[in-house]
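Right, one structure below, let's go through it.
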C-alpha cells in the first residue's frame, strides 16, 4: 500500500497499554503523515480515546513509544528529527491542539475571552493572540457571537468554539475525540465541513469518531481498532476493496412477494448467500459471488411469478465492513448465531445458557426472515459490552 504524500508526523512503535488485566492497545505500530485527515474507528471502549491520549503524551504505554517530528527540525528527514512524546512535552505542546469529548472552554467567559485565555496558555503575545482569535472567529462563524457567554451558545457553536480554542496557537496538528458526539446530522455536517477547511489550510487532522459514514467521506486514511489491535488501516476505498466480506445485490420486483421469492432463491443459490434483508420495497442479498448469480436471480424471479423492475450491484460501505468485523453474528442464512472463537472456552453452564440464547435468536430471525437495523445495533452493543469485560 502506497504511503500518503507528506512528511511523517508521528511514528507509533509497538505500543501496548493495559488497564487491569486487559489490553486496551496491543503492540500497535503505524505512521501518520503531514496533511492527512486520519480517522480512528472502533466500538465504545475499544481504545480510541486511549490511543489519542498516547499521541499527546497524556497516557504512557507499558511498552513501545510514540515519536513526533520536532517542530524545530521539521524540514529534516533524519532520525534526529523525531522525539518521544513522553520525553519532550514542552516542544510537543507547540505542535498540536487537542479537543476531548468534554468541553474545554469556560462557560462563564465570552467566546473571545476564551480564545484570549487559551492563547495565554501557549505564551502567545497579545498581538498574536488577537490576530489569531480574529481569524478563528471568522473561520468558525462566531464573529457575531464573540461577546456572548460560551454557556449561551448552541451545542454546535460550543463544539466549534472548542475546536477554535485548540487552534489558537496555530498548531500543525489538530487532534479531536468524537467531535460530533451528541450533535444532529446538520450540526455534524457543519463540523465536518469546518475540518475540511482547516485541513485545506495546512493542518493535519487526527480524530476518533463513531460516525463511520462521515469518516469514509472525510478521511484520507482510517484505522479500525478491534480487540486492542488495528487489523485494518488504509484509505477508505482501499479498505473496501481489500476487506469486503460481501457484495450487495438490490432487487425490486412486482408484485413484490419477497418472502416467496427469497424462499426460491435459497433453494437454488442459498449456499452462495452470506445473508439477506427484506426491506419495504426491495430484497437485499449479500454474497461473494454477485456476478455469478445475477442472471440466476432474474430467472428465479420469472419462475416465481415476479417481474424484475430493477436489479443493482452495490459496493459495501465502510460502516458495513466495520459491522461485519465486529458482530458475533456472521450467518443469517441459517438463522444461527456463530460465537466468536475467543468465547469458546466457557464452562458447560455458560454454553448451555448461550445455546438457549441462540435458540431464541434463531426463532426471532426465522420468524422475521431478516436482520433489522435494531437487531444489528443490539448485537453491536453486546459486542461492545463483551469487549469491556
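In this note's numbering, the protein residues as written are 1031 to 1419.
Cβ coordinates follow ideal geometry from the N, Cα and C atoms, glycine included.
Q: Select from 1322, 1120 and 1298 the residue whose C-alpha is nearest the C-alpha of residue 1330.
A: Out of 1322, 1120 and 1298, 1298 has the C-alpha closest to the C-alpha of residue 1330.
Q. Over what stretch of residues does the alpha helix (DSSP H) that includes residue 1221 continue unbroken?
A. Run containing residue 1221: 1215 to 1230, per the alpha helix (DSSP H) assignment.
Q: Note down the Cα distance separating residue 1075 from residue 1091, rounded to an integer number of angstroms.
A: The alpha-carbon separation between residue 1075 and residue 1091 amounts to approximately 17 Å.
Q | Best match in 1258, 1196, 1201 and 1159 for proximity to residue 1051 [C-alpha to C-alpha] | A | Here the closest residue by C-alpha is 1258.
(Q) Beta-carbon within less than 6 Å of residue 1320's beta-carbon, same chain only, minus the 5 sequence neighbours each way: which residues are those? (A) The answer, listed in chain order, is 1277, 1279 and 1343.
(Q) Let me check understanding here. Comparing Cα to Cα, which of 1214, 1060, 1097 and 1155 lies closest to residue 1110? (A) Across the set 1214, 1060, 1097 and 1155, the C-alpha of 1097 shows the shortest separation from the C-alpha of residue 1110.
**Q.** Opening and closing residue of the beta strand (DSSP E) in which residue 1170 lies
**A.** That residue, residue 1170, is in no beta strand (DSSP E); it is neither H nor E in DSSP.
Q. Residue ranges of each alpha helix (DSSP H) run of no fewer than 4 residues wholly in the stretch 1151 to 1212, ordered along the chain?
A. You should have 1156 to 1169 and 1185 to 1197.
Q. Where does residue 1190 land, buried or exposed, given buried means 16+ other C-beta within 10 angstroms?
A. Buried is the call here.
Q) Three-state secondary structure (DSSP) at residue 1247? A) In the three-state reduction of the DSSP assignment, residue 1247 falls in the helix class, which pools H, G and I.
Q: Could you tell me how far apart the beta carbons of residue 1094 and residue 1044 are, in whole angstroms, since I believe they sit closer than 8 Å?
A: Confirmed, Cβ separation roughly 4 Å.
Q) Is it buried or exposed for residue 1184, if we count other Cβ within 10 angstroms and need 16 for buried? A) Exposed.
Q.
On the DSSP bridge list, what partners appear for residue 1340?
A. Residue 1340 pairs with 1282.
**Q.** Environment of residue 1099 [buried if 16+ CB atoms lie within 10 Å]
**A.** It counts as buried.
Q. Could you give the distance in angstroms between the alpha-carbon of residue 1013 and the alpha-carbon of residue 1242?
A. This structure does not reach residue 1013, given that the chain is present from 1031 up to 1419, and the question cannot be answered.
**Q.** Nearest to residue 1423 (by Cα), restricted to the options 1085, 1310, 1327 and 1266
**A.** With the chain running from 1031 to 1419 in the structure shown, residue 1423 is simply not present.
Q) For residue 1325, which of helix, strand or coil comes out of DSSP? A) Secondary structure of residue 1325 (DSSP, three-state): helix.
Q) By DSSP, does residue 1059 sit in helix, in strand, or in coil? A) When DSSP states are grouped into helix, strand and coil, residue 1059 belongs to the strand group.
Q: Could you pull out every residue in the same chain whose Cβ sits closer than 6 Å to the Cβ of residue 1384, ignoring the five residues on either side in sequence?
A: Low confidence applies to residue 1384: its pLDDT is 46, below 50, so where it sits in the model is not reliable, and the reading given next is rough at best. Excluding residues within five positions, none has a Cβ falling inside 6 Å.
Q: Measure the alpha-carbon distance for residue 1310 versus residue 1333 and round it to whole angstroms.
A: One C-alpha to the other measures close to 22 Å.
Q) Leaving out the 5 sequence neighbours to the left and right, which residues in its chain are closer than 6 Å to residue 1225 when beta-carbon positions are compared? A) Excluding five sequence positions before and after residue 1225, the CB atoms of its chain that fall closer than 6 Å to its own CB belong to 1235, given in chain order.
Q | 8 Å contact criterion, which residue 1250 and residue 1068 should meet: CB distance rounded | A | That pair is a contact at about 7 Å.
Q) Whole-angstrom Cβ separation of residue 1283 and residue 1339, contact assumed at under 8 Å? A) That belief holds up - the Cβ atoms of residue 1283 and residue 1339 are roughly 6 Å apart, short of 8 Å.
Q) Where DSSP assigns a beta bridge to residue 1140, which residues make up the other side? A) Residue pairing by DSSP places residue 1140 opposite 1179 in a beta bridge.
Q: Measure from the alpha carbon of residue 1059 to the alpha carbon of each residue in 1138, 1261, 1066 and 1220, then state which is nearest.
A: The shortest Cα separation from residue 1059 among 1138, 1261, 1066 and 1220 belongs to 1261.
Q. Closest to residue 1158 by CA distance: which of 1325, 1218, 1146 and 1167 is it?
A. Answer by Cα proximity: 1146.
Q: Return the Cβ separation of residue 1200 and residue 1162 in integer angstroms, given the expectation that the two are a contact with Cβ distance under 8 Å.
A: The pair is a contact, with the Cβ atoms about 6 Å apart (cut-off 8 Å).
**Q.** Reference residue 1131; option with closest CA among 1337, 1212 and 1289
**A.** For residue 1131, the nearest C-alpha among the options comes from 1212.
Q: Please report the residue range of the alpha helix (DSSP H) in which residue 1121 lies.
A: For residue 1121, the uninterrupted alpha helix (DSSP H) run begins and ends at 1119 to 1125, by DSSP.
Q: Check whether the Cβ atoms of residue 1318 and residue 1305 sit closer than 9 Å, and answer yes or no.
A: Contact: no.
**Q.** Simplified DSSP assignment, three categories, for residue 1261
**A.** In this structure, DSSP gives residue 1261 an extended state, which the three-state scheme calls strand.
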